[in-house]
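Chains X and V, in that order, are what the protein sequence lines are.
Mapped onto this note's numbering, the consecutive letters of the first sequence carry residue numbers 4 to 189.
Mapped onto this note's numbering, the consecutive letters of the second sequence carry residue numbers 583 to 843.
All C-beta atoms in this analysis are idealised placements derived from N, C-alpha and C, irrespective of residue type, glycine included.
Here's the structure, in structure tokens; my notes come after.
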Amino acid sequence: MEKVEFPAYVPADHIPPKPWATTGKPKNRERNFVTSLHMQPEQMEEVNIHLQAKYAAIAAKEVRYELVEADDAEYLIVAYGLAARIAHRAVQLARHEGIRVGLLRPITLWPYPTEVLQSLASHLHGVLVVEMNAGQMVEDVRLAIEGRTPVRFYGRMGGVIPAPDEVLHALNTMVHSEAAQPVEAH
Amino acid sequence: MTEAIVNELTAEEQTQLECVYVKPGTLTETRFHYCPGCGHSVAHRALMEVVAELGIQESTVGVAPVGCSVFAYHYMNVDMQEAAHGRAAAVATAVKRILPDRYVFSYQGDGDLAAIGTAETIHVCNRGENIMMVFINNAIYGMTGGQMAPTSMLGMKTTTTPAGREAETSGFPIKIADMVAMLPGVAYVTRQSVHTPNAVRQLKKAFTRGFQYQKEKRGTCFIEVVSNCPSGWKMTPLEANRWLVDNMFPLYPPGDIKVPA
Ligand SMILES: Cc1ncc(C[n+]2csc(CCOP(=O)(O)OP(=O)(O)O)c2C)c(N)n1
Ligand code: SF4
Numbered sequence: 004m005e006k007v008e009f010p011a012y013v014p015a016d017h018i019p020p021k022p023w024a025t026t027g028k029p030k031n032r033e034r035n036f037v038t039s040l041h042m043q044p045e046q047m048e049e050v051n052i053h054l055q056a057k058y059a060a061i062a063a064k065e066v067r068y069e070l071v072e073a074d075d076a077e078y079l080i081v082a083y084g085l086a087a088r089i090a091h092r093a094v095q096l097a098r099h100e101g102i103r104v105g106l107l108r109p110i111t112l113w114p115y116p117t118e119v120l121q122s123l124a125s126h127l128h129g130v131l132v133v134e135m136n137a138g139q140m141v142e143d144v145r146l147a148i149e150g151r152t153p154v155r156f157y158g159r160m161g162g163v164i165p166a167p168d169e170v171l172h173a174l175n176t177m178v179h180s181e182a183a184q185p186v187e188a189h
Numbered sequence: 583m584t585e586a587i588v589n590e591l592t593a594e595e596q597t598q599l600e601c602v603y604v605k606p607g608t609l610t611e612t613r614f615h616y617c618p619g620c621g622h623s624v625a626h627r628a629l630m631e632v633v634a635e636l637g638i639q640e641s642t643v644g645v646a647p648v649g650c651s652v653f654a655y656h657y658m659n660v661d662m663q664e665a666a667h668g669r670a671a672a673v674a675t676a677v678k679r680i681l682p683d684r685y686v687f688s689y690q691g692d693g694d695l696a697a698i699g700t701a702e703t704i705h706v707c708n709r710g711e712n713i714m715m716v717f718i719n720n721a722i723y724g725m726t727g728g729q730m731a732p733t734s735m736l737g738m739k740t741t742t743t744p745a746g747r748e749a750e751t752s753g754f755p756i757k758i759a760d761m762v763a764m765l766p767g768v769a770y771v772t773r774q775s776v777h778t779p780n781a782v783r784q785l786k787k788a789f790t791r792g793f794q795y796q797k798e799k800r801g802t803c804f805i806e807v808v809s810n811c812p813s814g815w816k817m818t819p820l821e822a823n824r825w826l827v828d829n830m831f832p833l834y835p836p837g838d839i840k841v842p843a
């Protein structure tokens with residue numbers, strides 16, 4: 004769904020130096036070797052700590068998602084890829100019927116848009132996760148929501164493409180089910 | 583030890599000493615972790631002696647495998663890369679293509695090169711990548727505890743073939759050097775060993791030729807080293823070297839398989 008963006012061309016001599024590269028060991032430097040394996044636990048742990056910091060920086064900076072009609076939403080559909088296009092149409096149909104529903108389309112699945120889900124969760128009466136599988140992302144949603152509002156799942160498998168009215172039907176089922184009544188805020 | 587012996591000599595005697603055998607500067611000070619008698623140590627040293635003799639330490643880049651020699655880069659004093667299991671020759675391809683004027687080698691065991699890395703091995707050779715592949719064939723997975731390798735001989739007892747390898751269930755030992763020799767991109771294929779000083783001399787000649795052919799851009803050079811695994815074979819080093827001659831050479835005879843015209 005996302006367009007490919009090509010960054011501007013960078014001439015080779017503008018690339019930062021790579022003193023670690025294995026280009027052949029000159030006399031005046033120690034050999035370089037590229038490895039991810041250290042037998043000294045303390046040394047290995049240092050690498051792990053470095054990687055954890057890197058993951059944390061990525062998680063802080065690289066979350067991407069699209070939010071549609073979420074401002075006044077009482078219900079939220081979470082879907083990505085093809086299912087998100089279908090869900091987008093279902094949101095339009097539902098709005099026609101007067102259901103206040105929005106769409107969260109995660110663009111990055113890691114880092115996951117956990118924070119935006121959490122900030123929306125307390126105003127929602129329910130979340131519907133739509134996927135074209137047996138539920139690969141629904142757990143991420145549940146982890147983010149932490150029980151603040153009911154999370155339902157609608158999925159088709161084997162390459163079956165759900166129609167927007169199917170998704171609308173799933174949404175309606177949730178809206179009218181008792182489980183979807185507002186939960187006590189805590 | 584050596585120092586103690588030298589110190590017992592008179593000053594006069596000491597002046598007559600001549601240094602005839604030193605550790606090459608292409609090996610680091612790190613001690614080998616290999617089991618006593620393991621062919622990996624001998625092959626490392628032979629390869630690094632050749633790098634020193636050819637004066638190509640500064641322009642050589644190696645790629646280490648997964649297997650007992652996973653830490654080859656701790657011993658070989660040249661720039662080196664680690665690779666995922668079986669993928670050393672693919673990584674070596676990248677290094678060589680980016681740095682075509684460097685000498686690039688992969689160093690791989692039989693589990694690495696002839697089992698999990700078979701696809702990479704065949705296609706690197708089929709593309710005729712201008713690298714040297716060093717193939718340590720000890721007919722077993724040493725590192726993981728002596729399991730059958732594709733190279734294990736029929737009847738050979740390993741931890742996964744306790745009754746001996748049977749063709750019905752485990753297929754036949756794969757002669758991968760002979761297989762890659764059929765590919766037009768492969769320039770030089772030879773099978774050497776490490777079990778005697780003379781074998782090591784022959785091996786060093788093979789490494790020298792491999793680097794020479796690489797310089798001449800002849801194509802892939804594939805050097806099989808019939809080696810041992812005293813621990814995996816559950817033998818003393820001496821028994822292992824005898825067993826190698828009696829049991830491996832009939833199937834994997836030493837000698838050149840393909841030489842460039
Ligand atoms: C992807 C992957 N699969 C399996 C392993 C486990 N493993 C480590 S070494 C090895 C076999 C090595 O055997 P060989 O290449 O013959 O080298 P040797 O240890 O005998 O020198 C295996 C299967 C691994 N490290 N990575
Ligand atoms: S297990 Fe075998 S191959 Fe590995 S170091 Fe020991 S003897 Fe060598």
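Can you pull the DSSP bridge partners for M714(V)? Numbered from its first residue, the second sequence carries residue 714(V) at position 132. Looking at the DSSP assignment, M714(V) forms a beta bridge with F687(V), C803(V).
Own chain partners of N136(X) with C-beta closer than 7 angstroms, once the 5 adjacent residues on each side are dropped: Here residue 136(X) corresponds to residue number 133 of the first sequence, with the count starting at 1. For N136(X), where only same-chain residues beyond five positions count, the Cβ hits under 7 angstroms are G158, M160.
Selected residue, minimal CA-CA separation from V673(V), among Y657(V), V648(V), M817(V): One-based indexing of the second sequence puts residue 673(V) at position 91. Measuring from the Cα of V673(V), the nearest candidate turns out to be V648(V).
Classification of K21(X) by the beta-carbon crowding that lies within 10 angstroms, buried from 16 upward: One-based indexing of the first sequence puts residue 21(X) at position 18. The residue in question, K21(X), is exposed, as its Cβ has fewer than 16 Cβ neighbours within 10 Å.
Between the Cα of R67(X) and those of V178(X), Q43(X), Y115(X), I52(X), spot the shortest distance and give me the residue it belongs to. Position 64 of the first sequence, counted from the start, is the residue given in the question as residue 67(X). Per the Cα distances, Y115(X).
Measuring only the C-alpha atoms, how far is L106(X) from E72(X)? Your numbering for residue 106(X) matches position 103 in the first sequence. Your numbering for residue 72(X) matches position 69 in the first sequence. The straight-line gap from Cα to Cα measures roughly 7 angstroms.
Determine the direct distance from the alpha carbon of K28(X) to that of G644(V), and round the result to whole angstroms. The residue given as residue 644(V) occupies position 62 in the second sequence. The residue given as residue 28(X) occupies position 25 in the first sequence. In a straight line, the C-alpha of G644(V) is about 11 angstroms away from that of K28(X).
Proximal residues of chain X, C-beta to C-beta of Y655(V) below 8 angstroms: The residue given as residue 655(V) occupies position 73 in the second sequence. Ordered by position in chain X, the residues that pass the 8 angstroms Cβ test against Y655(V) are R34, F36, T38.
Near ligand 1: N720(V) beta-carbon under 8 angstroms from a heavy atom: In the second sequence, residue 720(V) corresponds to position 138, counting from 1. Yes, since a heavy atom of ligand 1 falls inside the 8 angstroms radius drawn around the Cβ of N720(V).
Please list the segments of the alpha helix (DSSP H) lying wholly inside the region 122 to 164 of chain X, counting only runs of 4 or more residues, in order along the chain. 141 to 148
List in chain order the residues whose CB is within less than 6 angstroms of at least one heavy atom of ligand 4. Among the ligands present in this structure, namely ligand 1 and ligand 2, ligand 4 is not found.
With a Cβ-Cβ cutoff of 9 angstroms, do L826(V) and A628(V) count as a contact? Counted from its first residue, the second sequence places residue 826(V) at position 244. Counted from its first residue, the second sequence places residue 628(V) at position 46. Contact flag unset, no.
Is Q29(X) close to chain V? Criterion is C-beta to C-beta, closer than 9 angstroms. Residue numbering aside, residue 29(X) sits at position 26 when the first sequence is read from its first letter. The sequence given here places Pro at residue 29(X); Gln does not occur at that position. Chain V, which has a Cβ nearer than 9 angstroms to the Cβ of P29(X), makes this yes.
Could you please give the first and the last residue of the uninterrupted alpha helix (DSSP H) stretch that includes Q796(V)? Locating residue 796(V) in the second sequence gives position 214, where the first residue counts as 1. Where Q796(V) is concerned, the enclosing alpha helix (DSSP H) stretches over 779 to 797.
Nearest residue (CA-CA) to P732(V), options I718(V), K840(V), A697(V), N708(V): For the purposes of this step, residue 732(V) is taken as residue 150 along the second sequence, with counting starting at 1. Checked all of I718(V), K840(V), A697(V), N708(V); the closest Cα to P732(V) is A697(V).
Pick from L120(X), H17(X), E8(X) that is closest to G150(X), judged by C-alpha positions: For the purposes of this step, residue 150(X) is identified with residue 147 of the first sequence, where counting begins at 1. Closest by alpha carbon: L120(X).
Beta-carbon proximity check, T802(V) vs M714(V), cutoff 9 angstroms: Here the question's residue 802(V) lines up with position 220 in the second sequence. Here the question's residue 714(V) lines up with position 132 in the second sequence. It is a contact, given that the beta carbons lie within the stated cut-off.
Is there a C-beta anywhere in chain V that falls below 9 angstroms from the one on M42(X)? If you number the first sequence from 1, residue 42(X) lands on position 39. Chain V contact via Cβ: present.
List the endpoints of the continuous alpha helix (DSSP H) containing P109(X). Residue 109(X) sits at position 106 when you count from the first residue of the first sequence. Where P109(X) is concerned, there is no enclosing alpha helix (DSSP H), although the beta strand (DSSP E) it sits in stretches over 104 to 109.
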